[in-house]
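Counting in this note's numbering, the sequence shown runs from 23 upward without gaps.
Note that beta-carbon positions come from the ideal geometry of N, C-alpha and C, so glycine has one too.
First the structure, in the form of structure tokens, and then the observations on it.
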Amino acid sequence: MSTSDLAQSPVPPTGHRAGPPSNRSPRGPRAGRVVAFVIGPLVLAAVVGMVLTWPHTTAPSMQAAGLGDDGVTYVAATVTGTHQEQCDATIEDRLPDGTEPDKVECLKVLATVTSGPQRGTDIEVWATATTTPADVPAGTRIIVQHYPAADGSPETWAWSDYARTVPLATFALAFVLLVALVARWRGLLAILGLVIAFVVIWLYILPGLIAGENAVVLALCGSAVIMVVVLYLAHGFSLRTSTALLGTLTGLVLIGGLGALGAHAAHLSGVASEDDFRLASLLGDNGAGALRGVFLCGVVLAGLGVLNDVTVTQASAVWELRRADPTVSWRGLFDGGMRIGRDHIASTIYTIAFAYAGASLPVLLLLQIYGLPLAQTLTGGQFAQEIVRTLAGSIGLVLAIPFTTMIAAVVARSRPAETLTTSGHSHLH
23 MSTSDLAQSP VPPTGHRAGP PSNRSPRGPR AGRVVAFVIG PLVLAAVVGM VLTWPHTTAP
83 SMQAAGLGDD GVTYVAATVT GTHQEQCDAT IEDRLPDGTE PDKVECLKVL ATVTSGPQRG
143 TDIEVWATAT TTPADVPAGT RIIVQHYPAA DGSPETWAWS DYARTVPLAT FALAFVLLVA
203 LVARWRGLLA ILGLVIAFVV IWLYILPGLI AGENAVVLAL CGSAVIMVVV LYLAHGFSLR
263 TSTALLGTLT GLVLIGGLGA LGAHAAHLSG VASEDDFRLA SLLGDNGAGA LRGVFLCGVV
323 LAGLGVLNDV TVTQASAVWE LRRADPTVSW RGLFDGGMRI GRDHIASTIY TIAFAYAGAS
383 LPVLLLLQIY GLPLAQTLTG GQFAQEIVRT LAGSIGLVLA IPFTTMIAAV VARSRPAETL
443 TTSGHSHLH
């Protein structure tokens with residue numbers, strides 16, 4: 023073989039090296055297959071679980087629960103004017119000193135029905151106690167309840183709520199346009215994944231809870247399928263995304279198990295407010311069990327968004343560290359990723375805590391006014407549920423970060439550095 027032949031040969035002669043050593047590792051394809059072989063059965067189990075627990079019964083109607091609606095319908099109306107009148111006081115009009123006045127100023131709203139069979143009918147309804155004339159100027163769209171005539175009683179109309187379709191749709195459209203402008207196709211795919219997620223919740227998880235299916239199975243199967251769709255749609259079908267998905271699925275199992283353990287240890291029944299009691303009565307025989315399931319599903323679903331965020335971030339961080347230093351060991355990748363992960367844990371704990379504090383602010387204000395002891399407040403049913411939900415999600419989140427970082431470090435180290443593109447798209451084989 024000539025010198026020129028050797029130069030053109032892709033394989034160097036035995037005992038000699040042609041150029042610098044390659045950073046390609048034979049473990050790369052094997053690592054990809056291992057990740058695929060682990061995720062595959064998990065996703066398959068989630069899909070099979072959904073099929074086996076898919077609800078086949080319809081939701082109980084109000085009539086079945088003994089709360090018949092008597093033909094009440096909800097229609098849209100447009101305000102044409104308002105005027106104030108004296109009316110009898112109710113318990114809602116109680117003064118700060120505890121007394122109740124005999125008469126109070128009430129606001130009567132004049133409106134024209136704009137939907138349903140009674141379209142064009144002029145009606146009068148009493149607004150809620152806190153509504154002022156400035157809140158309902160002419161042209162305001164509202165929702166009213168129509169009670170048909172029955173048993174000799176004339177038909178009546180009642181205030182229900184404001185019609186918020188237009189402002190909410192405007193905000194939603196602005197959000198979609200902004201996401202499309204900043205994140206382009208990736209952002210739009212993320213929104214599509216979010217829509218699919220809510221379809222799964224609406225068609226599978228909620229009916230399953232009503233039907234009395236096992237809540238933990240519903241939550242884990244539904245959440246696993248949601249995460250598969252959301253992650254691959256938003257971040258692409260890649261080894262990096264699959265690594266994040268593996269960490270997310272592990273975190274979901276931890277959160278579900280911890281939520282069930284916490285609910286059992288703290289004797290949480292899922293019934294802590296008037297709305298809970300009302301829901302229990304509507305659910306009939308499945309009421310108590312379904313409310314416990316609602317709590318457990320809430321624990322898992324509440325952790326989905328933050329868990330997805332941290333696992334994707336950790337996988338991406340490890341990938342970028344590997345690209346920046348192709349010679350770094352897996353231990354170096356793990357240590358570097360965990361330095362980022364610790365900062366993420368600290369900020370995420372604040373995020374979760376303040377999110378729940380903001381959502382519970384009205385209850386906190388009531389407790390402050392009543393002056394109840396702090397220990398009694400925090401261990402009460404409603405706050406105990408939030409504490410267990412927060413701690414279960416936080417513990418699962420904290421444990422998912424080192425697990426995801428370790429898997430990402432091993433997988434990224436096994437891949438040739440030049441295949442780890444900025445988008446993280448490396449094949450699973």
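Just checking my contact of arginine 435 with leucine 304 at CB under 8 angstroms: how many whole Å lie between their CB atoms?
About 54 angstroms; that fails the 8 angstroms criterion.
For the beta strand (DSSP E) that contains glycine 273, what are its first and last residues?
Here glycine 273 belongs to no beta strand (DSSP E); instead the alpha helix (DSSP H) covers 261 to 287.
Can you tell me which of Val222, Arg300, Ile374 puts its alpha carbon nearest to the alpha carbon of valine 251?
Val222
Give me whichever residues DSSP pairs with leucine 318 in a beta bridge.
Beta-bridge pairing links leucine 318 to no other residue.
Looking at the secondary structure, which residues open and close the alpha helix (DSSP H) in which glycine 103 lies?
Taken as a continuous stretch (DSSP letters only), glycine 103 belongs to no alpha helix (DSSP H), being part of the beta strand (DSSP E) at 95 to 110.
In whole angstroms, what separates the C-alpha of threonine 335 from that of valine 328?
11 angstroms
Distance check for threonine 75 and leucine 231, CA to CA, integer angstroms please.
10 angstroms
When you compare each of Asn236, Val166, Leu274, Gly138 to valine 65 by their alpha carbons, which one comes out closest?
Leu274
Please name the residue, chosen from Pro170, Ser264, Val135, Gly138, that lies closest to cysteine 60 on a Cα-to-Cα basis.
It should be noted that the sequence gives valine, not cysteine, for residue 60. Considering only alpha carbons, the answer is Ser264.
Closest by C-alpha distance to isoleucine 423, when choosing among Leu383, Ile409, Asn330, Arg163
Asn330
Indicate whether valine 247 and glycine 278 have their beta-carbon atoms separated by less than 8 angstroms.
no
Going by DSSP in three states, aspartate 357 sits in which element: helix, strand or coil?
helix
Under a Cβ-count criterion, where at least 16 other Cβ atoms within 10 Å of its own Cβ denotes burial, should threonine 412 be classed as buried or exposed?
buried
For glutamate 146, which residues does DSSP report across the bridge?
Leu132
For the 8 angstroms Cβ check, are there 3 or more pairs between the region 152 to 164 and the region 99 to 107?
yes
Starting from arginine 186, follow the beta strand (DSSP E) in both directions and report where the run begins and ends.
Per DSSP, arginine 186 belongs to no beta strand (DSSP E) and is neither H nor E.
Tell me the DSSP bridge mates of tryptophan 179?
His168
Secondary structure at glutamate 235, three-state DSSP: helix, strand or coil?
coil
Report the partner residues of valine 126 according to the DSSP bridge assignment.
Cys109
For arginine 163, which beta-bridge partners are listed by DSSP?
Thr100
Any idea what DSSP makes of threonine 373, helix, strand or coil?
helix
Please identify the residue among Arg437, Tyr378, Val432, Leu383 whose C-alpha is closest to the C-alpha of valine 410.
Tyr378
Should the region 206 to 222 be regarded as contacting the region 234 to 249, the criterion being three or more beta carbon pairs within less than 8 angstroms?
yes
Is the beta carbon of glycine 418 closer than 8 angstroms to that of valine 239?
no
According to DSSP, is histidine 366 part of a helix, a strand, or is it coil?
helix
Residue closest to proline 155, alpha-carbon to alpha-carbon, out of Gln390, Val204, Glu127:
Glu127
In this structure, how does DSSP classify arginine 345 when only helix, strand and coil are distinguished?
helix
Proline 139 in three-state terms, based on DSSP:
coil
Going by CA-CA distance only, name the one from Ser182, Leu271, Gly174 that's closest to valine 97.
Ser182
Buried or exposed (CB count within 10 angstroms, at least 16 for buried), histidine 289
exposed
Using only alpha-carbon positions, find the residue among Leu255, Leu253, Tyr226, Ala256 that is nearest to leucine 242.
Tyr226
Would leucine 313 pass as a contact of leucine 301 if the rule is Cβ separation under 8 angstroms?
yes
Please report the straight-line C-alpha distance between arginine 437 and alanine 430, rounded to a whole angstrom.
11 angstroms
When Ala196, Thr192, Gly415 are compared against alanine 375, the one with the closest alpha-carbon
Gly415
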